[in-house]
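Since the structure comes first, as structure tokens, the remarks are kept for the end.
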Ligand code: ADP
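Residue numbers (the numbering used here): 1 to 477.
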């Protein structure tokens with residue numbers, strides 16, 4: 001069975017889930033329908049009828065004594081198909097009467113009339129509604145009664161009577177209908193869930209396939225889009241991740257190429273100078289010392305390179321626990337600059353430092369010094385003939401900005417986003433004498449971000465660069 005099939009059929013599959021949701025939904029609707037249509041229909045019907053008859057009764061009572069009363073009484077008994085009587089105190093029918101009734105003197109049945117009176121007197125309102133069963137009819141009737149007050153003579157009673165027709169046959173029809181509806185909705189929900197889950201899962205399956213390709217190292221995979229928003233977002237995120245992976249893979253490859261080149265040059269030099277001492281200059285102390293010095297310098301270069309590489313991994317793991325302390329950024333920068341005095345004294349560099357406002361802050365002193373060190377180191381490394389370097393600091397209540405300006409080679413606009421990446425080295429030319437690992441700026445960025453600050457660069461080729469970072473002072477009391 002293919003992976004896709006398994007996913008469509010499994011208990012955890014989208015199809016199964018959708019199917020269960022649809023089934024539950026259909027079942028709930030069916031249960032509600034059954035309850036309303038079958039179980040409660042009798043009491044619904046009864047309540048409805050009762051309310052209807054109560055309304056008619058109360059309307060008539062309100063109209064009693066006016067001219068419309070008799071007309072309304074006639075209308076209602078015809079249109080609603082109910083029996084309306086007006087009775088006197090003895091249960092005798094006063095209305096409606098035809099000529100023959102003057103002789104017959106129709107009356108309400110004794111038992112019915114006494115029940116009527118009882119109900120009426122027990123009622124707290126001035127009317128009553130109750131049901132009465134009739135064995136002969138095999139049905140119930142709803143009776144409404146109210147007192148019609150006369151100004152002259154004894155009061156009359158309004159007596160309304162309607163039969164509650166049995167609705168069993170209707171219920172049976174409904175039952176059959178519901179059964180059909182239930183079956184149809186089961187089939188429909190099954191089909192719909194299958195259709196929907198296919199529509200929903202097809203893009204997921206396709207994206208999974210692409211992601212698998214990515215896992216196997218294929219960076220040219222495409223994530224299918226265009227089905228629905230959520231999938232589009234997922235595809236975008238994965239494409240972005242692929243781009244990043246691809247970039248870091250390229251950078252890693254470049255780094256290895258660079259680093260092997262950078263390792264190889266000093267190693268070759270060390271080896272050849274060693275051989276020279278062994279074969280030629282061994283006895284000539286002056287020459288030997290010169291050669292030994294070159295070996296020592298090259299070894300230093302190598303160990304700096306290795307330190308750089310170690311630093312990055314170390315700092316990244318250490319950054320999780322910054323050692324926060326209060327210190328002055330200006331003082332620290334001055335300390336860092338002391339380490340570059342060689343360049344000022346011997347190589348003609350002119351480094352100035354100025355500050356404005358408060359420069360005290362709480363942060364990891366050592367790491368921030370390392371960031372400053374890297375920036376100064378770069379400024380020196382990438383300076384050309386103009387060897388001025390200007391460091392400025394500006395502090396306000398919340399933040400301190402540090403910036404370092406050089407008049408060196410500058411950086412192309414397109415490159416400015418990449419220089420912060422680990423292993424990225426500008427220019428890609430190995431003809432430059434500078435040995436760098438492409439780690440310096442990535443460390444600066446990592447350190448500043450760990451302090452919740454930002455970094456940036458403004459630069460144009462040939463004119464020099466300004467690297468800056470802003471750190472929160474964290475001094476709010
Ligand atoms: P590297 O070890 O190569 O100096 P960095 O991460 O410190 O590595 O810098 C990355 C790249 O950014 C450098 O290779 C260089 O091209 C560019 N860069 C950094 N600082 C400067 C600067 N002050 N002037 C010009 N280019 C710079």
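Glycine included, every Cβ here is placed at the ideal spot set by N, Cα and C.
Apart from the five residues on each side of it in sequence, which residues of its chain come closer than 7 angstroms, Cβ to Cβ, to residue i?
i           : result
residue 388 : 350, 407
residue 84  : 73, 76, 77, 160
residue 16  : 10
residue 63  : 69, 72
residue 57  : 127, 144, 146, 158, 160
residue 26  : 185, 186, 189
residue 452 : 472
residue 23  : 189
residue 44  : none
residue 252 : 423
Within its chain, find whatever has a CB closer than 6 angstroms to the CB of residue i; leave out the 5 residues flanking it on each side and keep chain order.
i           : result
residue 467 : 375, 404, 457
residue 138 : none
residue 10  : none
residue 163 : 139, 141
residue 392 : 354, 403
residue 1   : Only weak support exists for where residue 1 lies, its pLDDT of 45 falling under 50; the coordinates are left without a value.
residue 269 : 298
residue 129 : 50, 54, 144
residue 302 : 266
residue 291 : 273, 276, 277, 281
residue 390 : 352, 405
residue 488 : Since the first residue of the chain shown is 1 and the last is 477, residue 488 is not available in this structure.
Which partner residues of residue i appear in the DSSP bridge assignment?
i           : result
residue 460 : 464
residue 360 : 328
residue 156 : 148
residue 203 : The partner list for residue 203 (beta bridge, DSSP) is empty, contrary to what the question assumes.
residue 132 : 141
residue 355 : 393
residue 107 : 92
residue 469 : 402, 455
residue 350 : 388
My output table needs one value for residue i: the three-state DSSP class, helix, strand or coil.
i           : result
residue 92  : strand
residue 221 : coil
residue 366 : helix
residue 173 : helix
residue 275 : helix
residue 127 : strand
residue 321 : coil
residue 232 : helix
residue 475 : coil
residue 372 : helix
residue 198 : helix
residue 87  : strand
residue 338 : helix
residue 269 : helix
residue 300 : helix
residue 164 : strand
residue 216 : coil
residue 186 : helix
residue 13  : coil
residue 191 : helix
residue 29  : helix
residue 285 : helix
residue 122 : helix
residue 259 : helix
residue 100 : coil
residue 227 : coil
Give me, in chain order, the residues of the same chain whose beta-carbon lies closer than 8 angstroms to that of residue i; leave out the 5 immediate sequence neighbours on both sides.
i           : result
residue 88  : 94, 154, 156, 157
residue 226 : 232
residue 288 : 277, 281, 282
residue 461 : 409, 410, 411, 412
residue 431 : Residue confidence is low: residue 431 scores 36 on pLDDT, short of 50, so the model does not pin down where it sits. Its coordinate-derived value is still stated next. Hits under 8 angstroms: none found.
residue 322 : 363, 364, 367, 450, 451
Which whole-angstrom value describes the C-beta separation of residue i and residue j, a residue pair presumed to lie in contact below a C-beta threshold of 8 angstroms?
i           : j           : result
residue 479 : residue 475 : Because residue 479 is not part of the residues shown, which for the chain are 1 to 477, the question remains open.
residue 369 : residue 332 : 5 angstroms
residue 37  : residue 174 : 5 angstroms
residue 423 : residue 439 : 7 angstroms
residue 459 : residue 416 : 7 angstroms
Using 8 angstroms as the limit for Cβ to Cβ distance, is residue i near chain D?
i           : result
residue 449 : Protein chains in the displayed structure number just one, and chain D is not present.
- Message: What ranges does the alpha helix (DSSP H) occupy inside the segment 378-440, keeping only unbroken runs of at least 4 residues that lie completely in it?
- Response: Correct list: empty.
- Query: Which residue spans inside the segment 37-81 form an unbroken beta strand (DSSP E) run of at least 3?
  - Reply: Complete beta strand (DSSP E) runs here, min 3: none at all.
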